[in-house]
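For the protein sequence lines, the chains are Y and F, in the order given.
Adding 45 to a residue's 1-based position in the first sequence gives its number in our numbering.
Adding 45 to a residue's 1-based position in the second sequence gives its number in our numbering.
From the three backbone atoms N, C-alpha and C, an ideal C-beta is built for every residue, glycine too.
Structure record follows, encoded as C-alpha cells.
Number of protein chains: 2
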Amino acid sequence: MAHHDDPAWEPAYARRSECMKASEIRELLKILEKPGIISFAGGIPDPKLFPGPAAAKAYVDALATPKSTGVALQYSVSEGYGPLTEWVARRMTAHGVSATPENIVITSGSQQALDFLGKLLLTPGDTALATLPTYLGALQAFSAYEPRYDTINPERGNRTPQSYREAASASAPGAKVKFCYLVPDFANPTGDTLSLDARRRALALSHELDIPIIEDSAYSALRFDGSDEPSIQALDVEQAGSLDASRVIYLGTFSKTIAPGLRIGWICASRAIVQRLVLIKQASDLNVSVINQMVIHQLASNHIDSMIAAARLHYRKKRDAMLRALSAHMPRNITWTRPEGGFFTWLKLPERVDGAKLLERAVDEAKVAFVPGKAFHHDGSGSNRIRLSYSLPTIEEIDAGISQLATLL
Amino acid sequence: MAHHDDPAWEPAYARRSECMKASEIRELLKILEKPGIISFAGGIPDPKLFPGPAAAKAYVDALATPKSTGVALQYSVSEGYGPLTEWVARRMTAHGVSATPENIVITSGSQQALDFLGKLLLTPGDTALATLPTYLGALQAFSAYEPRYDTINPERGNRTPQSYREAASASAPGAKVKFCYLVPDFANPTGDTLSLDARRRALALSHELDIPIIEDSAYSALRFDGSDEPSIQALDVEQAGSLDASRVIYLGTFSKTIAPGLRIGWICASRAIVQRLVLIKQASDLNVSVINQMVIHQLASNHIDSMIAAARLHYRKKRDAMLRALSAHMPRNITWTRPEGGFFTWLKLPERVDGAKLLERAVDEAKVAFVPGKAFHHDGSGSNRIRLSYSLPTIEEIDAGISQLATLL
Chain Y
46 MAHHDDPAWE PAYARRSECM KASEIRELLK ILEKPGIISF AGGIPDPKLF PGPAAAKAYV
106 DALATPKSTG VALQYSVSEG YGPLTEWVAR RMTAHGVSAT PENIVITSGS QQALDFLGKL
166 LLTPGDTALA TLPTYLGALQ AFSAYEPRYD TINPERGNRT PQSYREAASA SAPGAKVKFC
226 YLVPDFANPT GDTLSLDARR RALALSHELD IPIIEDSAYS ALRFDGSDEP SIQALDVEQA
286 GSLDASRVIY LGTFSKTIAP GLRIGWICAS RAIVQRLVLI KQASDLNVSV INQMVIHQLA
346 SNHIDSMIAA ARLHYRKKRD AMLRALSAHM PRNITWTRPE GGFFTWLKLP ERVDGAKLLE
406 RAVDEAKVAF VPGKAFHHDG SGSNRIRLSY SLPTIEEIDA GISQLATLL
Chain F
46 MAHHDDPAWE PAYARRSECM KASEIRELLK ILEKPGIISF AGGIPDPKLF PGPAAAKAYV
106 DALATPKSTG VALQYSVSEG YGPLTEWVAR RMTAHGVSAT PENIVITSGS QQALDFLGKL
166 LLTPGDTALA TLPTYLGALQ AFSAYEPRYD TINPERGNRT PQSYREAASA SAPGAKVKFC
226 YLVPDFANPT GDTLSLDARR RALALSHELD IPIIEDSAYS ALRFDGSDEP SIQALDVEQA
286 GSLDASRVIY LGTFSKTIAP GLRIGWICAS RAIVQRLVLI KQASDLNVSV INQMVIHQLA
346 SNHIDSMIAA ARLHYRKKRD AMLRALSAHM PRNITWTRPE GGFFTWLKLP ERVDGAKLLE
406 RAVDEAKVAF VPGKAFHHDG SGSNRIRLSY SLPTIEEIDA GISQLATLL
C-alpha cells in the first residue's frame, strides 16, 4: 500500500555530501538517447570499434568447462586476475616502466582508481593539485574526500613549492598538499599534450613537495600525429632507479582501446602503494568481475595492437573532420585546440557567451549537444569554454552538427 | 633498470588509512588455493551451482547484434541497466515492498553498497550501530569513513535511545548516531535469524533515534527450514505508508543465488536516498558493467526461482552434514548455532582457546581452515569464537574436516 502523500523521510547525510554534485556529463548521457540530437558531449568510444564477436568467443571460452566456470563466476582476490596483472605488468615494462604483477591492481575502470586515490591520500582540507581545466570525473571522485584544489600549470610554469605549501596549510590546521593529478596525453577536456619539459617540471615540483603524481593515461594509446612522449612514470622510474622508489601512480584503462562496458582499468605503482590500494579494493567492492577480467585478458593478448591501430585511424578521420568543420563554419572570434590524439577539442567562445546557456539553445534550436566548460574548472571559472568530443558522431554528423552550432554563435 | 636497493618511497596517506586493515577472510582466500586444505573459511558459493551454459548463452545473446553489442560494451547511466532495475523493483514488490525502478540502484555486489552507505552517511567520529558480532566486510567498508561503533542487541534488548545518543556525542564534537546495520536472516557470521519481535524492536530504536536501518539481506533467499519473517523494510513500509517515507535501506545481491563473479547487487530505498547513491556511484566508478547486468537480467528472469530452489536443497544437505559432524566429533565444552539457512555456523570455544592460534594449528596439523571470530567484533572481543562455512566443501569433506578439527580441541 503506497500512499504517495506520505511525507518523504531523509537521514542526516555525511558532511561530504555537500561536495557531491551531479556530473553534467552523466546527465548528458540521457540527452544522447533523444532522437535527432547530434552529440559532441560524452567522451564515448564509437561502438563500431567494439569487438563483439571476439568478446562473445572469449565469454564462451571462459565458461567452456565446469573448472573455468568455477573461476569465472566466483569471488577472487582483490589484486586482480593473475594472468591479467601479468599481462599489464609486461605491457608497462614494454612502455618503459619495469613492473611486476605486484605493482598492479585491477580497478573498475580508471574512475574507480581516482576514487581509490582520493580515499588513500586525502584527509578533509588537504590540497589536491590539478591543471585548470581538468577532467571533471577526477574532480567528482576527489571531492567526496573534501579536498581544497590548487592550480598547477606545468606547460607555462608552476608557482614555487613554498607557495603551494603555504596555501595548503593556511586552509585548514595540519592540511598538506597531498598529490598532483595530471592527464598528460590528449587531455580531457582540452585535447592538449604536455611537452617533455612540462613533464619534467611537474616531476620536479612533486619531488620538491614530496608528493605523488597521479598520471591518468586514459587516452595515451590514441595518438594520430607526432610522436609519443615518455610517460611521467617512465621519466621518474629512470631517475629514481626503480618503480618501488618512484612517486608516480599511473592509471591505465581498456575503456578507450577495447570497450568501456567491461569496466576494467589498472593502477601501476610501487608495491607499497599497491598493497594499500588492494586493501581499499577489498573494502570497496572485493574484486572486479572475474569473467570480465578473463575476457579482457584474452582480447588484450590477441587483439590489442590491431585494435589500437584501427582506433587511431578511425578517430583520426573524425578529428580531421572536426577541425575541418570548425574552420569552415565557426566565426573568427572563436578559437579551439588541435589535438594530436584522443577524443576532444576545446573551444574558447567570446567572453560574453555562457557555455551552459549555449547548450540549452544548442539542444533546442540546433539539435546539438556538448559539455559546457565550467564543470572542468575547480575554481568555478571557464564559463565561456565548451568541450566538443568527436569520438561518437559520424563524419557527416560532425560537419552537420558544427554547421548547426555555428549558426548560434 | 630496476635497482632493488633503491629506497622505497611512500606518500603521506590519509588519516583514514589507520582504520583500514587487511581482511582475514580475503587473506584466507589464498589458503583455499593450497592443495589438501579443507576450507570452512570464506562465505563462498559452491561453483557446482553456477549456471555456466545459461550464462554463456546470455553473454552470446548480449553480443548477438551490433546494436546490442553497442549497449553491452558501452558506458551507461549510473542507476543501472533499465530492464534490470525494473526486474528488481518487481521482485521487491512481490516480497512486500512496493517499489519502482526509481527506488533501485545497481551496485558492484553488496560490498559496494556498504561502502556507498558509509560514504553517504558517515562523517568521521559518527557512530554506526551494529550487532556483536557482525559481518566483517561491513566493518571494513564503514571503517574507511572513520566511525565509532556501538552495539545493538535487538534479540535480547537494546539500550535506551538516550544512552546511544549520549555515547555518540561524547566521542567527538557534533558526532551523531548515523545508522544501524543489520543482517536479519542467517547472519554472517552467526547463522542467526532475528525474530519478528527483534525486527520490530530494531525498527522502533531507529525511529526513536531518527536514523536509517541498513538491512543486508545477502542470505535471505536461502532458507532451509521454518518460515520467512518479513523484511524490516517491509515492516517499515507498512507502518510508514510508502517506501519513500521509509527509513530502511535494503541491500540485495545475486552473489549467493546466481553467482558472485558478475559482481551485481542492488540497493532498494526511498527515491531521495537513491538519488544521492546514484551520485556516489557516478563519482566512484560510473556504472556496473552493462554486459554483466544484461546477463544477470536474463538469468534472473528465466532461472532465479529454480536456482534458489536448487541452492536451498544443496546447502541444506551441507548444513545437515555440518550439524551432524559437529555433534559426532566436537567435545562437550563447545557449542554452536543451528542456522535455518545461509552458509554459516558459529562456534563458541572454551574461554582459554584463541581462534586465531587455533587456525594456525588447524591449517598446519589438521589441514582445515576457518575464520577466527575476533574480526567480526568491532570491540576487539570474540577471540574464542570461530566461524565455519559449510557452503563450499563436499559432505564428505565436511565430516572429515570437522573430525580433524575436533582432534585439536
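Pair within 9 Å by beta-carbon distance, residue i and residue j
i: alanine 407 of chain F; j: valine 413 of chain F; result: yes
i: leucine 174 of chain Y; j: valine 228 of chain Y; result: no
i: proline 56 of chain Y; j: proline 257 of chain F; result: yes
i: asparagine 148 of chain F; j: alanine 134 of chain F; result: yes
i: aspartate 230 of chain Y; j: arginine 361 of chain Y; result: no
i: leucine 322 of chain F; j: leucine 162 of chain F; result: yes
i: alanine 411 of chain Y; j: leucine 450 of chain Y; result: yes
i: leucine 267 of chain F; j: glycine 182 of chain F; result: no
i: proline 305 of chain F; j: isoleucine 89 of chain F; result: yes
i: leucine 403 of chain F; j: isoleucine 431 of chain F; result: yes
i: alanine 445 of chain F; j: isoleucine 83 of chain F; result: yes
Host alpha helix (DSSP H) of residue i (start-end)
i: tryptophan 391 of chain Y; result: No alpha helix (DSSP H) contains tryptophan 391 of chain Y, which is instead part of the beta strand (DSSP E) from 389-393.
i: arginine 406 of chain F; result: 400-406
i: lysine 164 of chain F; result: 154-166
Through-space distance from residue j to residue i, alpha-carbon basis
i: arginine 292 of chain Y; j: proline 178 of chain Y; result: 23 Å
i: serine 155 of chain F; j: methionine 367 of chain F; result: 27 Å
i: glycine 87 of chain Y; j: proline 169 of chain Y; result: 30 Å
i: asparagine 332 of chain F; j: glycine 400 of chain Y; result: 27 Å
i: serine 315 of chain F; j: valine 150 of chain F; result: 11 Å
i: arginine 246 of chain F; j: tyrosine 295 of chain F; result: 17 Å
i: alanine 213 of chain F; j: alanine 212 of chain Y; result: 34 Å
i: isoleucine 336 of chain Y; j: alanine 107 of chain Y; result: 7 Å
i: alanine 328 of chain F; j: phenylalanine 299 of chain Y; result: 19 Å
i: isoleucine 341 of chain Y; j: serine 351 of chain Y; result: 15 Å
i: phenylalanine 415 of chain Y; j: glycine 297 of chain Y; result: 25 Å
i: glutamate 467 of chain Y; j: proline 438 of chain Y; result: With chain Y represented from 46 up to 454, any question about residue 467 of chain Y goes unanswered, as that position is not in the structure.
i: glutamate 131 of chain F; j: threonine 145 of chain F; result: 7 Å
Residue i, buried or exposed, once every other Cβ within 10 Å from all chains shown has been counted against 16
i: aspartate 330 of chain F; result: buried
i: arginine 244 of chain Y; result: buried
i: asparagine 429 of chain Y; result: buried
i: isoleucine 443 of chain F; result: buried
i: threonine 176 of chain Y; result: buried
i: glutamine 207 of chain F; result: exposed
i: proline 218 of chain F; result: exposed
i: lysine 164 of chain F; result: buried
i: serine 426 of chain Y; result: exposed
i: threonine 452 of chain F; result: exposed
i: leucine 118 of chain F; result: buried
i: proline 376 of chain Y; result: exposed
Residue range of the unbroken beta strand (DSSP E) whose run includes residue i
i: isoleucine 259 of chain F; result: 258-261
i: serine 434 of chain F; result: 430-434
i: alanine 366 of chain Y; result: That residue, alanine 366 of chain Y, is in no beta strand (DSSP E); its alpha helix (DSSP H) goes 335-374.
i: isoleucine 312 of chain Y; result: 310-313
i: glycine 297 of chain F; result: 293-298
i: tyrosine 495 of chain Y; result: Here chain Y has residues from 46 to 454 only, and residue 495 of chain Y is not among them.
i: leucine 227 of chain Y; result: 222-227
i: threonine 172 of chain Y; result: 172-175
Residues near residue i by beta carbon distance below 7 Å, same chain, minus five either side
i: proline 275 of chain F; result: Gly141
i: leucine 344 of chain Y; result: Pro96, Ala99, Ala100, Ala103, Ile303
i: serine 113 of chain F; result: Ala107
i: valine 122 of chain F; result: Asn332
Other residues of its chain near residue i: CB distance less than 8 Å, five sequence neighbours each side excluded
i: serine 240 of chain Y; result: Glu200, Glu274
i: leucine 248 of chain Y; result: Ile258, Ile277, Leu280, Asp281, Gln284, Val293
i: histidine 359 of chain Y; result: Asp91, Lys93, Leu94
i: isoleucine 440 of chain F; result: Lys362, Lys363, Ala366
Contacts around residue i, its chain only, beta-carbon distance under 6 Å, and the 5 residues preceding and following it disregarded
i: methionine 46 of chain Y; result: The predicted position of methionine 46 of chain Y is uncertain, since its pLDDT is 41 and thus under 50; a value taken from the coordinates is nonetheless stated next. Closer than 6 Å at the Cβ level, and outside the excluded window around methionine 46 of chain Y, lies no residue.
i: serine 143 of chain F; result: none
i: tryptophan 381 of chain Y; result: Leu371, Thr390, Leu392
i: aspartate 160 of chain F; result: Ala186
i: histidine 48 of chain Y; result: Caution applies to histidine 48 of chain Y, whose pLDDT of 47 falls short of 50 and renders its modelled position unreliable; the value that the coordinates give is listed next. For histidine 48 of chain Y, where only same-chain residues beyond five positions count, there are no Cβ hits under 6 Å.
i: proline 111 of chain Y; result: none
i: phenylalanine 388 of chain Y; result: Gly88, Ser434, Ser436
C-beta neighbour in chain A for residue i, strict 9 Å
i: leucine 331 of chain Y; result: Absence of chain A from the displayed structure is noted, the protein chains being Y and F.
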